[in-house]
Amino acid sequence: MNIYDRRARKELDQLVEEYLTTSNINRRQFLQRATAAGLSLSAATALLAACGGTSTGTVNTSSGNVPKVSSIDVLTQLSGAELAAFNAINTAFTKKTGIKVNVEPTSDLRAVLSTRVRGNNPPDVAGMSSVPEFQQYAAQGKLLQLDKFFNMSQMEQQYSRIWLDVSSYNGHLYAVIPRVNTKSTVWYSPKQFKANGYTPPKTWDEMIALSNRIASSGKYPWSLGVEGGSSTGWPAADWVDQIYLSLNGPELSQQWVNHKIPWTHPSVKQAFQLFGEIVNGKHYISGAPQSILATNFQDAAYLPFENPPKAYMYFLGDFTASFLKTQFPGIQPGVDFDFFPFPTINPQYANSVTGIVNILSAFRDNDGTRQYMEFLASPEGQSIWPKQGGAVSVNNQVPLSVYPDPVSRRTAELLLNAKYFSVGQDDLLPSSMEQEYWKGLLAYIQNPSQLDSILRSLEDAASRLYPS
């Protein structure tokens, strides 16, 4: 199952919930639905087996003596190069402490973790990609409260308040962030910009002016594709989420996510309309709007870097660099490709960054878990993944020199210097509402004149789908 196939993952979450809490489905039906959602038969069988876990321990909330262990188990969804980079951290931890780390990869972490927690058989530590997910477990009393044994004075010196807040629930620390990825990056070719006399824009108005300049010369300024299988539409959501944060700041963004303001609110309409300046711009995107809907987001990333270029700018997260390196062997960061930060829209909320946060939280209290979480948060532990590439540490004592190239160093600076940070709003919405949001964006791309009707439909959906 592709890591971007969020719809399939959420179908599995719902399947596990139904299996554990009702008698509506038997084991055979469970396997049929799990494989239909994208799991292999072996993975579906393993997920079913996890539903029968038994209790072997829980969080100890006291700050006194804790059990000694020789190994810990870590549940993760990482695979491939990401898993190899993560295991470099685990190897260093074992070398330092003598405690072995048993990593348990799974293609559907959310469902497996939920099953094991409900069966009172949680792992020692689990990775999560959703802030609300770890906060939900914290609210249920399932997680180890890290500030009971962390040196919080040291943590406050090493991490800005933004990141401590992201890792906390109700004022207490429950998570460590091993890496962050930013979505606030606009990719371009420095060589093409120099050859044409273009300058990376710093404001939205400057970006529109540059887009018009490129378009007036008969070229296409933008590349954009929103096709992503069952998650089609999420790249458009990244655009609107970033625009909304840059316009309105984190407080109103949170109100939007929590449905404290309606989808028909003027601030939501304005964010859609600014996105519309790109997707509906005259001669902005070749073949628009149908090409936007039909083109895979990864394929769209290549267009500014082809020879000759078929576009000049592309907005997507910092993981775009890995697409480019794979597609164009030998491409040089900072020479052949680079990014500029998403431009300022409202000066009051300049330096607003959206992103993806990877979370590690502890479900069991023992000396191995405590040492592991402390190591993950330390400058030593935080320096390991950035050296491998594809990750940013938000520990401010990790030197920029650990990053392997100038582009990854600037990505780190963008995040570390962010005044406002938000996980992408669509990642925080209820599952079914996220799907409606994506559908609404697809409808808007195809028919922008229907925006008011689209927003009313989204508000109707939110009224039905948000928990009462």
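For the sequence shown, the numbering used here begins at 146 and goes up steadily by one.
Beta carbons: idealized from backbone N, C-alpha and C, even for Gly.
In the DSSP assignment, Ile-359 falls outside any beta strand (DSSP E) and lies within the alpha helix (DSSP H) extending over 349-361.
Listed in chain order, the non-local C-beta contacts of Glu-278 below 8 Å within the same chain comprise Arg-255 and Ile-504, local neighbours out to five positions each way being set aside.
With fewer than 16 other beta carbons inside 10 angstroms of its own, Ala-181 counts as exposed. According to DSSP, Tyr-333 shares a beta bridge with Asp-483. A direct Cα-to-Cα measurement between Phe-420 and Val-539 gives close to 29 Å. Collapsing the DSSP output to three states places Thr-440 in coil. Closest in alpha carbon position to Ser-215, among Leu-309, Gln-591 and Tyr-517, is Tyr-517. Partner residues in the beta bridge of Lys-245, as assigned by DSSP, are Ser-216. Collapsing the DSSP output to three states places Gly-526 in a helix.
For Ala-271, the secondary structure class from DSSP, reduced to helix, strand or coil, is strand. In the structure shown, Ile-504 falls within a strand segment according to DSSP collapsed to helix, strand and coil. Three or more beta-carbon pairs drawn from the segment 553-572 and the segment 384-396 are found closer than 8 Å, and the two stretches are therefore classed as touching.
Closest in C-alpha terms to Gln-477, from the list Gln-533, Val-552 and Gln-527, comes Val-552. For Pro-575, the CB contacts under 8 Å within the same chain, skipping 5 residues up- and downstream, are Leu-610, Tyr-611 and Pro-612 in chain order. When DSSP states are grouped into helix, strand and coil, Ile-322 belongs to the strand group. Secondary structure of Gly-513 (DSSP, three-state): helix. Taking each of Asn-511, Ser-598, Ile-423 and Val-248 in turn and checking the Cα distance to Thr-221, the smallest one comes out for Val-248. In its chain, beyond the 5 residues on either side, Leu-220 and Ala-271 have a beta carbon closer than 7 Å to the beta carbon of Leu-258. No residue range can be given for Ser-305, since it is assigned to no alpha helix (DSSP H) and is classified by DSSP as neither H nor E. By the C-beta density criterion, Thr-556 is buried, having at least 16 other C-beta atoms within 10 angstroms. Restricting attention to His-428, Arg-601 and Phe-473, the CA atom closest to the CA of Phe-450 is found in Phe-473.
At a Cβ-Cβ threshold of 7 Å, Ala-320 and Ser-506 count as neighbours.
Asp-605 is classed as exposed because its beta carbon has fewer than 16 other beta carbons within 10 Å across all chains shown. A contact is defined here as three or more CB-CB pairs under 8 Å, and the segment 452-467 meets this definition with respect to the segment 321-331. Rounded to whole angstroms, the gap between the alpha carbons of Leu-184 and Ala-283 is 28 Å. Residue environment for Gln-591: exposed (fewer than 16 other C-beta atoms within 10 angstroms of its C-beta). Taking the Cα positions, Val-543 is about 32 Å away from Trp-379. Following the DSSP letters along the chain, one finds Val-568 inside the beta strand (DSSP E) bounded by residues 565-568. Around the beta-carbon of Leu-390, 16 or more other beta-carbon atoms lie within 10 Å, marking it buried. In terms of Cβ geometry, Ala-445 and Leu-545 do not form a close pair [threshold 7 Å].
Of the residues assessed, Gly-500 falls on the buried side of the cut-off, its CB having 16 or more other CB atoms within 10 angstroms. Here the alpha carbons of Gln-399 and Lys-532 stand approximately 33 Å from one another. Judged by their CB atoms, Met-352 and Pro-486 are not nearer to each other than the 7 Å cut-off. Look at Gly-373 here: in three-state DSSP terms it is strand. When DSSP reads this structure, His-317 sits in a beta bridge with Tyr-314. Annotation: the continuous alpha helix (DSSP H) that includes Pro-277 extends over 276-284.
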